[in-house]
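When we follow my numbering, the leftmost residue of the sequence shown carries the number 471, and every step to the right adds one.
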Amino acid sequence: MSSRLHDLAVEHLGTRIVSGELAPGTVLRTDALEDDLRVSRSVVREAVRVAQSLGLVETVKRVGIRVLPMRSWNLFDPSVIRWRLESAQKGAQLRSLTELRTAIEPVAAELAARFAPPALASELMGIAASMRTAGRAGDADAFLELDVDFHRLVLRASGNEMFAALGDAVGEVLRGRTSSGLMPTHPNEDAMQWHVDVADAILAGRPEAARESMLRVLGRTADDVARTWQDLPRAEAATG
471 MSSRLHDLAV EHLGTRIVSG ELAPGTVLRT DALEDDLRVS RSVVREAVRV
521 AQSLGLVETV KRVGIRVLPM RSWNLFDPSV IRWRLESAQK GAQLRSLTEL
571 RTAIEPVAAE LAARFAPPAL ASELMGIAAS MRTAGRAGDA DAFLELDVDF
621 HRLVLRASGN EMFAALGDAV GEVLRGRTSS GLMPTHPNED AMQWHVDVAD
671 AILAGRPEAA RESMLRVLGR TADDVARTWQ DLPRAEAATG
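Take a look at the structure:
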(Lines of atoms letter the chains of each structure in order from A and count residues from 1; the text may use other names and numbers.)
(Lines give C-alpha, C1' and ligand atoms only; values in the text may rest on other atoms or scores of the structure.)
Protein backbone atom coordinates (compact mmCIF):
# COMPACT_ATOMS: atom_id res chain seq x y z
CA MET A 1 0.00 0.00 0.00
CA SER A 2 2.81 2.45 0.85
CA SER A 3 4.38 1.85 -2.56
CA ARG A 4 1.02 2.50 -4.21
CA LEU A 5 0.57 5.72 -2.21
CA HIS A 6 4.08 6.80 -3.16
CA ASP A 7 3.40 6.24 -6.87
CA LEU A 8 0.13 8.17 -6.65
CA ALA A 9 1.83 11.04 -4.84
CA VAL A 10 4.57 11.24 -7.47
CA GLU A 11 1.99 11.16 -10.28
CA HIS A 12 -0.11 13.86 -8.61
CA LEU A 13 2.82 16.20 -8.03
CA GLY A 14 4.47 15.53 -11.39
CA THR A 15 1.34 16.00 -13.49
CA ARG A 16 0.40 19.24 -11.72
CA ILE A 17 3.86 20.71 -12.33
CA VAL A 18 4.30 19.53 -15.92
CA SER A 19 0.78 20.60 -16.90
CA GLY A 20 1.46 24.11 -15.60
CA GLU A 21 -1.15 23.94 -12.85
CA LEU A 22 1.72 24.62 -10.46
CA ALA A 23 3.63 27.42 -12.16
CA PRO A 24 7.41 27.90 -11.87
CA GLY A 25 8.22 29.74 -8.67
CA THR A 26 5.22 28.35 -6.78
CA VAL A 27 6.20 27.45 -3.22
CA LEU A 28 4.68 24.31 -1.73
CA ARG A 29 4.59 23.31 1.93
CA THR A 30 4.97 19.74 3.11
CA ASP A 31 1.97 19.97 5.43
CA ALA A 32 -0.22 21.35 2.63
CA LEU A 33 0.82 18.47 0.37
CA GLU A 34 -0.01 16.01 3.15
CA ASP A 35 -3.52 17.45 3.40
CA ASP A 36 -3.94 17.67 -0.35
CA LEU A 37 -2.81 14.10 -1.02
CA ARG A 38 -4.11 12.66 2.27
CA VAL A 39 -0.90 10.75 2.83
CA SER A 40 1.77 10.68 5.50
CA ARG A 41 4.72 13.04 5.70
CA SER A 42 7.11 10.22 4.78
CA VAL A 43 5.18 9.58 1.52
CA VAL A 44 5.25 13.30 0.69
CA ARG A 45 8.96 13.51 1.37
CA GLU A 46 9.66 10.56 -0.92
CA ALA A 47 7.48 12.06 -3.67
CA VAL A 48 9.33 15.38 -3.34
CA ARG A 49 12.65 13.53 -3.49
CA VAL A 50 11.61 11.92 -6.79
CA ALA A 51 10.40 15.28 -8.13
CA GLN A 52 13.77 16.78 -7.19
CA SER A 53 15.61 14.02 -9.04
CA LEU A 54 13.57 14.94 -12.14
CA GLY A 55 14.44 18.62 -11.79
CA LEU A 56 10.82 19.60 -11.15
CA VAL A 57 11.32 21.16 -7.71
CA GLU A 58 13.99 22.30 -5.31
CA THR A 59 13.87 22.46 -1.53
CA VAL A 60 14.77 25.88 -0.17
CA LYS A 61 15.62 26.14 3.52
CA ARG A 62 13.09 28.16 5.51
CA VAL A 63 11.05 28.71 2.34
CA GLY A 64 9.62 25.38 1.21
CA ILE A 65 9.44 23.35 -1.97
CA ARG A 66 9.80 25.57 -5.02
CA VAL A 67 8.58 24.57 -8.47
CA LEU A 68 11.26 24.91 -11.14
CA PRO A 69 10.88 25.98 -14.81
CA MET A 70 11.04 23.53 -17.72
CA ARG A 71 14.69 24.30 -18.44
CA SER A 72 15.55 22.51 -15.17
CA TRP A 73 13.52 19.37 -15.89
CA ASN A 74 15.00 16.04 -16.93
CA LEU A 75 13.26 16.13 -20.30
CA PHE A 76 14.49 12.67 -21.30
CA ASP A 77 12.94 10.93 -18.30
CA PRO A 78 10.05 8.66 -19.40
CA SER A 79 7.75 9.96 -16.64
CA VAL A 80 8.28 13.59 -17.66
CA ILE A 81 7.67 12.66 -21.29
CA ARG A 82 4.46 10.82 -20.38
CA TRP A 83 3.18 13.70 -18.24
CA ARG A 84 3.87 16.16 -21.07
CA LEU A 85 2.05 13.92 -23.55
CA GLU A 86 -0.96 13.84 -21.21
CA SER A 87 -1.02 17.63 -20.88
CA ALA A 88 -1.56 20.63 -23.12
CA GLN A 89 2.12 20.27 -24.05
CA LYS A 90 1.38 17.13 -26.09
CA GLY A 91 1.99 18.79 -29.45
CA ALA A 92 5.25 20.40 -28.42
CA GLN A 93 6.46 17.14 -26.88
CA LEU A 94 5.60 15.14 -29.99
CA ARG A 95 7.39 17.67 -32.16
CA SER A 96 10.55 17.65 -30.03
CA LEU A 97 10.72 13.88 -29.84
CA THR A 98 9.93 13.41 -33.53
CA GLU A 99 12.75 15.79 -34.42
CA LEU A 100 15.07 14.02 -31.96
CA ARG A 101 14.21 10.63 -33.42
CA THR A 102 14.73 11.90 -36.97
CA ALA A 103 18.19 13.10 -36.00
CA ILE A 104 19.21 9.93 -34.11
CA GLU A 105 17.44 6.83 -35.40
CA PRO A 106 18.62 6.91 -39.04
CA VAL A 107 22.21 7.16 -37.77
CA ALA A 108 21.51 4.33 -35.32
CA ALA A 109 20.20 2.18 -38.18
CA GLU A 110 23.30 2.95 -40.24
CA LEU A 111 25.58 1.99 -37.35
CA ALA A 112 23.56 -1.15 -36.73
CA ALA A 113 24.11 -2.20 -40.35
CA ARG A 114 27.84 -1.80 -39.77
CA PHE A 115 28.23 -3.31 -36.32
CA ALA A 116 25.20 -5.34 -35.18
CA PRO A 117 25.90 -9.06 -34.61
CA PRO A 118 23.96 -11.39 -36.95
CA ALA A 119 21.79 -12.80 -34.16
CA LEU A 120 20.57 -9.35 -33.17
CA ALA A 121 19.93 -8.37 -36.79
CA SER A 122 17.94 -11.57 -37.29
CA GLU A 123 15.89 -10.78 -34.20
CA LEU A 124 15.11 -7.37 -35.65
CA MET A 125 13.89 -8.95 -38.88
CA GLY A 126 11.62 -11.27 -36.89
CA ILE A 127 10.11 -8.31 -35.03
CA ALA A 128 9.50 -6.44 -38.29
CA ALA A 129 7.72 -9.46 -39.76
CA SER A 130 5.59 -9.83 -36.62
CA MET A 131 4.71 -6.12 -36.80
CA ARG A 132 3.30 -6.60 -40.27
CA THR A 133 1.26 -9.62 -39.15
CA ALA A 134 -0.16 -7.74 -36.13
CA GLY A 135 -0.81 -4.60 -38.18
CA ARG A 136 -2.73 -6.41 -40.88
CA ALA A 137 -4.76 -8.24 -38.22
CA GLY A 138 -5.69 -4.95 -36.54
CA ASP A 139 -4.08 -6.04 -33.25
CA ALA A 140 -3.14 -2.53 -32.12
CA ASP A 141 -1.79 -3.56 -28.72
CA ALA A 142 0.54 -6.20 -30.14
CA PHE A 143 1.65 -3.87 -32.93
CA LEU A 144 2.50 -1.12 -30.44
CA GLU A 145 4.66 -3.33 -28.24
CA LEU A 146 6.44 -4.78 -31.28
CA ASP A 147 7.02 -1.27 -32.62
CA VAL A 148 8.54 -0.23 -29.28
CA ASP A 149 10.73 -3.34 -29.31
CA PHE A 150 11.83 -2.66 -32.89
CA HIS A 151 13.00 0.89 -32.29
CA ARG A 152 14.64 0.01 -28.96
CA LEU A 153 16.55 -2.78 -30.68
CA VAL A 154 17.75 -0.55 -33.52
CA LEU A 155 19.09 1.93 -30.96
CA ARG A 156 20.80 -0.86 -29.04
CA ALA A 157 22.12 -2.52 -32.22
CA SER A 158 23.96 0.70 -33.08
CA GLY A 159 26.54 -0.17 -30.43
CA ASN A 160 26.27 3.40 -29.12
CA GLU A 161 25.33 3.29 -25.44
CA MET A 162 23.95 6.82 -25.50
CA PHE A 163 21.63 6.00 -28.39
CA ALA A 164 20.54 2.86 -26.54
CA ALA A 165 19.71 4.96 -23.45
CA LEU A 166 17.03 6.75 -25.50
CA GLY A 167 14.99 3.54 -25.78
CA ASP A 168 12.65 4.35 -22.88
CA ALA A 169 11.99 7.85 -24.21
CA VAL A 170 11.14 6.50 -27.66
CA GLY A 171 8.90 3.87 -26.06
CA GLU A 172 6.93 6.55 -24.21
CA VAL A 173 6.35 8.65 -27.32
CA LEU A 174 5.19 5.61 -29.32
CA ARG A 175 2.76 4.66 -26.54
CA GLY A 176 1.63 8.26 -26.18
CA ARG A 177 1.01 8.54 -29.91
CA THR A 178 -1.22 5.46 -29.76
CA SER A 179 -3.11 6.50 -26.62
CA SER A 180 -3.76 9.90 -28.21
CA GLY A 181 -5.52 8.27 -31.16
CA LEU A 182 -2.77 9.18 -33.61
CA MET A 183 -2.25 5.63 -34.84
CA PRO A 184 -4.74 3.89 -37.18
CA THR A 185 -6.10 0.45 -36.29
CA HIS A 186 -4.46 -0.89 -39.43
CA PRO A 187 -1.01 0.72 -39.85
CA ASN A 188 0.04 1.98 -43.25
CA GLU A 189 1.35 -0.80 -45.50
CA ASP A 190 4.24 1.30 -46.75
CA ALA A 191 5.33 2.12 -43.20
CA MET A 192 5.30 -1.56 -42.25
CA GLN A 193 7.35 -2.40 -45.34
CA TRP A 194 9.86 0.30 -44.45
CA HIS A 195 10.37 -1.35 -41.05
CA VAL A 196 11.10 -4.60 -42.88
CA ASP A 197 13.45 -2.71 -45.19
CA VAL A 198 15.36 -1.29 -42.20
CA ALA A 199 15.77 -4.75 -40.72
CA ASP A 200 16.74 -6.27 -44.07
CA ALA A 201 19.39 -3.60 -44.67
CA ILE A 202 20.83 -4.10 -41.19
CA LEU A 203 20.90 -7.87 -41.64
CA ALA A 204 22.56 -7.50 -45.06
CA GLY A 205 25.10 -4.94 -43.81
CA ARG A 206 23.91 -2.10 -46.06
CA PRO A 207 24.35 1.09 -43.97
CA GLU A 208 23.05 3.64 -46.50
CA ALA A 209 19.92 1.61 -47.19
CA ALA A 210 19.29 1.22 -43.46
CA ARG A 211 19.56 4.97 -42.94
CA GLU A 212 17.28 5.81 -45.87
CA SER A 213 14.63 3.30 -44.85
CA MET A 214 14.57 4.63 -41.28
CA LEU A 215 14.25 8.17 -42.65
CA ARG A 216 11.16 7.02 -44.54
CA VAL A 217 9.69 5.51 -41.36
CA LEU A 218 10.20 8.73 -39.42
CA GLY A 219 9.02 10.92 -42.28
CA ARG A 220 5.73 9.04 -42.23
CA THR A 221 5.58 9.44 -38.44
CA ALA A 222 6.07 13.20 -38.75
CA ASP A 223 3.33 13.42 -41.39
CA ASP A 224 0.91 11.53 -39.12
CA VAL A 225 1.40 13.71 -36.02
CA ALA A 226 2.41 17.14 -37.39
CA ARG A 227 -1.12 18.47 -36.93
CA THR A 228 -0.67 18.29 -33.15
CA TRP A 229 1.99 21.01 -33.19
CA GLN A 230 0.82 23.22 -36.03
CA ASP A 231 1.37 26.91 -35.18
CA LEU A 232 2.84 26.11 -31.75
CA PRO A 233 5.80 28.32 -30.76
CA ARG A 234 9.15 26.61 -30.42
CA ALA A 235 10.78 26.26 -27.02
CA GLU A 236 13.13 29.23 -27.44
CA ALA A 237 10.22 31.55 -28.25
CA ALA A 238 8.05 30.08 -25.54
CA THR A 239 10.62 30.45 -22.76
CA GLY A 240 12.39 33.60 -23.91
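Every residue, glycine too, gets a C-beta built ideally from N, C-alpha and C.
Only a predicted model underlies this, so the values are computations on that prediction, with no experimental measurement involved.
(request) Could I get the ranges of all uninterrupted alpha helix (DSSP H) runs contained in the region 561–609, with 4 residues as the minimum, in chain order? (result) 588–607
(request) Taking only the alpha-carbon atoms, compute the straight-line gap between residue 657 and residue 687 and give it to the nearest angstrom. (result) 12 Å
(request) Closer than 6 Å by C-beta to residue 626: which residues in its own chain qualify, once you throw out the five before and the five after it? Chain order, please. (result) 634
(message) Rounding to the nearest angstrom, what Cα-Cα distance links residue 599 and residue 607 in this structure?
(response) About 13 Å.
(request) Could you tell me whether the Cβ atoms of residue 614 and residue 648 are closer together than 9 Å? (result) Yes, these two residues count as a Cβ contact at 9 Å.
(message) Please classify residue 490 as buried or exposed, where buried requires at least 16 other C-beta atoms within 10 Å of its C-beta.
(response) When all chains shown are included, residue 490 counts as exposed.
(message) the ligand ATP and residue 581: does any heavy atom of the ligand fall closer than 8 Å to the residue's C-beta?
(response) The ligand ATP is not part of the structure shown, which contains no ligands of any sort.
(request) Please check the pair residue 497 and residue 532, which I expect to be a contact at CB under 8 Å, by giving their CB distance rounded to whole angstroms. (result) With 8 Å as the limit, residue 497 and residue 532 do not qualify as a contact, their Cβ atoms being about 11 Å apart.
(request) Using DSSP bridges, identify the partner residues of residue 529. (result) Beta bridge pairing from DSSP links residue 529 with 535.
(request) Please state whether DSSP places residue 498 in a helix, a strand or coil. (result) Strand, per DSSP.
(message) Please state the DSSP three-state secondary structure of residue 656.
(response) coil
(message) Cutting at 7 Å between CB atoms, please list the residues of its own chain near residue 676, excluding the five before and the five after it.
(response) So the list reads 583, once near-sequence residues are dropped.
(request) Take residue 572 and list the residues in its own chain whose beta-carbon comes closer than 6 Å to its own, dropping the five residues that flank it on each side. (result) 688
(request) Just the C-alpha distance for residue 591 and residue 673, rounded to the nearest angstrom, thanks. (result) 5 Å
(request) Find out if the Cβ-Cβ distance for the pair residue 578, residue 628 is shorter than 9 Å. (result) yes
(request) Pair every Cβ in the region 472–492 with every Cβ in the region 515–529, then say whether three or more of these pairs are closer than 8 Å. (result) yes
(message) My output table needs one value for residue 524: the three-state DSSP class, helix, strand or coil.
(response) coil
(message) Give me the residue from 589, 691, 547, 542 with the minimum Cα distance to residue 575.
(response) 691
(request) Please classify residue 474: is it buried, with 16 or more other beta-carbons within 10 angstroms of its beta-carbon, or exposed? (result) exposed
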